[in-house]
Amino acid sequence: MSLSLIGRNVSESVTLKMNETFAILKAKGEPVIHLGGGEPKSKAPIDAITAIASHLNTGEVRYAAADGSVEMKKAVIRYTQENYGRLVEPKNIIISSGAKQAIMVALQAILDPQDEVIFPAPYWVSYPDMVKLCGAIPVPVVPENGTFTPTLQDIKQNVSSYTKAIIINSPNNPSGAIYPKSFIKDIVEFAEEKGIYLIMDDIYQKLVFDGETVPNPFDYVKDFTDNSKLVIINGVSKAYAMTGFRIGWAVGNKKLIKAMANIQGHQTSGTSILLQKAAIGGINGVQSSVASLRSTLENNRKVLVNHLKAFDGVHLIEPKGTFYSFADFSAYDKDSARLSKFLLDKVRVLTVPGVEFGMEGFLRISFCGSIKDITEGIERIKWAIDPNSPNELYIGERKLVRDWN
Ligand SMILES: Cc1ncc(COP(=O)(O)O)c(C=O)c1O
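Letter by letter, the sequence shown follows residues 1013 to 1417 in my numbering.
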């Protein structure tokens, strides 16, 4: 069988693969705990459900405009004004099948083969492959200061004449870091001055703790006309617990959005009108579910951080947002894929290897699950890797015996 260069080189999404592994083990009755998850466990907002149900009841479910319905765009205009203080027009907006597709069509509209795209590490697992899908070259940048927060200098050192775009994701998956105002100001001004596209992946914007707020890139933009290179990505997946609805969007200059809409029109004809109705219900409806999710996650974070602190060799920078922690386990094993597999094999706990996010020696441990899973999952991990653990561990009725050091 012959496959294209892209077909051969694009790898499977590790995080989606994890979900599949979890489902298979669970179906076999294995006592598996998923600490690698990427979605909140709460229900979708009631306003989203009633909105989609009432449209479905009409029995008329037709094509929507390829770049999103008028009503959905209105909702995004309102959202953008409320959350970014910027009044944009319908032609500045495209609605896509999740934030993922919004990023993908933006890259397809921007990149030529061999162009380069910079993003700080640790980074979301999909960025490198999305860039490769365009025939372009991913350029991950590990912050030199040993933190999860890049500096403008880190970025500048990697800019070349091929650099076409920079992707910034803050709050960050997997570290939970919120990049400081000074960095956002620097990067917005730098990208504007150099004419490099700046894609702000803000999907975790509302999931922040300790009363923190996320810096607003629009505060530093001088020009948001057709020359602007700023693209804002957002959606309902995370903050509204609506991952399965697959609705995200991009806000950018009208020419770019038009090109993205042309591409999307040939790929999917746009997203389902039903799912857009649900998203409108979510973002225009009562916002208490977002606040309640945020406080659940903040509490989960506390539990996880306290448990991880009980590990002698584990180093953790406390996440300030999202529902992920990125802990340094290199004192136990420098090979994160090996460690992650060991934990799954021995104690049936799923974690995501740091190497997938561009940083070896780390594990991404999510706190979007239940307190029970977080607590028990971390206890199992500790039992498995701490040489001073007792010889036996019970998982329900099942007795595990340490036959390793
Ligand atoms: C950083 C980041 N961007 C984008 C997405 C994709 O979001 P969506 O489910 O809306 O496509 C995710 C999902 O995990 C993410 O973590």
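Glycine included, C-beta positions come from ideal geometry on N, C-alpha and C.
Quick caveat: nothing in here was measured; it's all calculated off a predicted structure.
task: Can you say whether P1125 is buried or exposed, counting buried as having 16 or more other CB atoms within 10 angstroms of its CB?
output: By the 10 Å Cβ count, P1125 comes out exposed.
So does the stretch 1359-1366 actually touch the stretch 1238-1245, counting three or more Cβ pairs closer than 8 Å?
no
Report task. Starting from the C-beta of G1277, find all residues in its chain whose C-beta is less than 6 Å away, skip the five residues before and the five after it, and write them out in chain order. Result -> Cβ neighbours of G1277 within its own chain (closer than 6 Å, five residues either side excluded): A1078.
Any idea if M1013 is buried or exposed, counting beta-carbon neighbours within 10 angstroms, 16 or more meaning buried? exposed
Open item on the list: Quick test of your reading: G1293 and P1052, contact by CB under 8 Å. State the CB separation rounded to the nearest angstrom.
Closed with: Contact flag wrong, Cβ pair sits at about 17 Å.
inquiry  = Checking 8 Å against the spacing of the C-beta atoms, do D1153 and D1166 come in under that value?
reply    = For the record, residue 1153 in the displayed sequence is Val; it is not Asp. Contact flag set, yes.
Q. Out of curiosity, what's the CA-to-CA distance linking I1180 and I1407?
A. 41 Å
| query | Can you give the Cα-Cα distance for N1095 and T1334, rounded to whole angstroms? | reply | 17 Å
Assuming L1351 and F1341 are in contact, meaning their beta carbons sit under 8 Å apart, how far apart are those beta carbons, in whole angstroms? 6 Å
_Per DSSP, cross-strand counterpart(s) of A1419_ = Given that the chain is displayed from residue 1013 to residue 1417, the structure contains no residue 1419 and the question cannot be resolved.
Exercise. Between V1248 and P1043, what straight-line distance do the alpha-carbon atoms span, to the nearest angstrom?
Worked result: The C-alpha of P1043 is placed about 31 Å away from the C-alpha of V1248.
### Message
Looking at K1332: is its Cβ nearer than 8 Å to the Cβ of P1183?
### Response
The Cβ atoms of K1332 and P1183 sit closer than 8 Å to each other.
On the DSSP bridge list, what partners appear for L1426?
The structure shown does not extend to residue 1426, since the chain spans only 1013 to 1417, so no value can be given for it.
Does any residue of chain B have a CB that is nearer than 8 Å to the CB of G1294?
Of the chains in the structure shown, none is chain B; there is only one protein chain.
### Task
Could you tell me whether any non-hydrogen atom of ligand 1 is closer than 7 Å to the CB of K1055?
No.
Q.
At the level of alpha carbons, what is the spacing between I1036 and M1030?
A. 10 Å
Check: For the alpha helix (DSSP H) that D1340 lies in, which residues bound it at each end?
Finding: D1340 -> not in any alpha helix (DSSP H); beta strand (DSSP E) instead, spanning Y1336 to D1340.
ask   = Does the stretch 1100-1113 touch the stretch 1251-1264, meaning 3 or more C-beta pairs lie closer than 8 Å?
value = yes
- What residues sit near ligand 1, counting only those whose C-beta is closer than 6 Å to one of its heavy atoms, in chain order? G1050, G1110, A1111, K1112, W1136, N1181, N1185, D1213, I1215, G1247, S1249, T1255 and G1260
Buried or exposed by the 16-neighbour rule on C-beta atoms within 10 Å, applied to W1136: buried
Quick one: what does DSSP say R1098 is sitting in, helix, strand or coil?
coil
Exercise for the section: Whole angstroms is fine: what's the gap from G1260's alpha carbon to Y1232's? Expected result: 24 Å
Check: Opposite W1261 in the DSSP bridges: which residues?
Finding: Residue pairing by DSSP places W1261 opposite I1107 and N1246 in a beta bridge.
Which term fits I1198, buried or exposed, when burial requires 16 or more other beta carbons within 10 angstroms of its beta carbon?
-> First, the residue type needs correcting, since residue 1198 is Asp and not Ile in the sequence shown. Per the 10 Å Cβ criterion, buried.
Exercise for the section: Please check the pair G1373 and K1346, which I expect to be a contact at CB under 8 Å, by giving their CB distance rounded to whole angstroms. Expected result: 5 Å
Looking only at its chain, what residues have a beta carbon closer than 7 Å to the beta carbon of F1323, apart from the 5 residues adjacent to it on each side?
These residues qualify, in order along the chain: K1394.
DSSP-derived helix/strand/coil call for I1045: I1045: strand per DSSP, three-state reduction.
Whole angstroms are fine: how far does the CA of I1397 sit from the CA of L1287?
44 Å
Exercise for review: Out of G1158, L1219, I1178 and T1175, point me to the one whose CA is closest to I1190's CA.
Suggested key: L1219
- Task: Report yes if the CB atom of G1048 is closer than 8 Å to the CB atom of S1378, and no otherwise.
- Result: Less than 8 Å separates the beta-carbon of G1048 from that of S1378.
E1418, buried or exposed, once every other Cβ within 10 Å from all chains shown has been counted against 16:
Only positions 1013 to 1417 of the chain appear in this structure, which leaves residue 1418 out of reach.
**Request:** Buried or exposed for Q1093, please, with buried defined as at least 16 other CB atoms from any protein chain shown within 10 angstroms of its CB.
**Result:** Burial call: exposed.
**OP:** Mind reading off the beta-carbon distance from V1022 to D1213? Whole number of angstroms is fine, and I expect it under 8 Å.
**Re:** Incorrect: roughly 19 Å between the Cβ atoms, too far for contact.
Exposed or buried, which one is S1348 when buried takes at least 16 other CB atoms within 10 Å? buried
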